[in-house]
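What follows is one structure encoded as structure tokens, with my remarks underneath.
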């Protein structure tokens, strides 16, 4: 099942830069691992914001929650989830 997930990150202003840098480093590693596994199909930055729009390909909402909650920045995110389904006019074979 495909889900569009928008993640807005809000790090505390008082967080030390070294801690923020380490969180971002391990976040990148985790995001890339999920992409390599085929679970995080697309990842786009929203211009001008510390936010992204992503497409996840998972079995159900429970798997989505389990994956997203493993992200190191998860405690600092506001997340919006939209389930997606195949559009009948789509010509993309990889859509579901």
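Numbering (my numbering), first residue to last: 2 to 97.
All residues carry an ideal CB built from backbone N, CA and C; glycine is no exception.
Here the structure is a predicted model, which means the values were calculated and not measured.
Tell me the DSSP secondary structure of residue i in three-state form.
{"i": "residue 87", "result": "coil"}
Under the assumption that residue i contacts residue j (Cβ atoms under 8 Å), give the Cβ distance between them as a whole number of angstroms.
{"i": "residue 2", "j": "residue 63", "result": "At roughly 11 Å, the Cβ-Cβ gap does not stay under 8 Å, so residue 2 and residue 63 are not in contact."}
For the beta strand (DSSP E) that residue i lies in, which residues bound it at each end?
{"i": "residue 54", "result": "52 to 58"}
{"i": "residue 72", "result": "Here residue 72 belongs to no beta strand (DSSP E), and DSSP marks it neither H nor E."}
{"i": "residue 61", "result": "Run containing residue 61: none; DSSP gives neither H nor E here."}
{"i": "residue 3", "result": "3 to 10"}
Going by DSSP, what residue range makes up the alpha helix (DSSP H) through residue i?
{"i": "residue 31", "result": "18 to 37"}
Quick one, are the C-beta atoms of residue i and residue j less than 8 Å apart?
{"i": "residue 89", "j": "residue 4", "result": "no"}
{"i": "residue 55", "j": "residue 16", "result": "no"}
{"i": "residue 58", "j": "residue 29", "result": "no"}
For residue i and chain B, any beta-carbon pair shorter than 8 Å?
{"i": "residue 18", "result": "Absent from the structure: chain B. Only one protein chain is present."}
On a CA-only basis, which of the options is nearest residue i? Give me that one, please.
{"i": "residue 34", "options": "95, 73 and 11", "result": "73"}
{"i": "residue 76", "options": "24, 36 and 94", "result": "24"}
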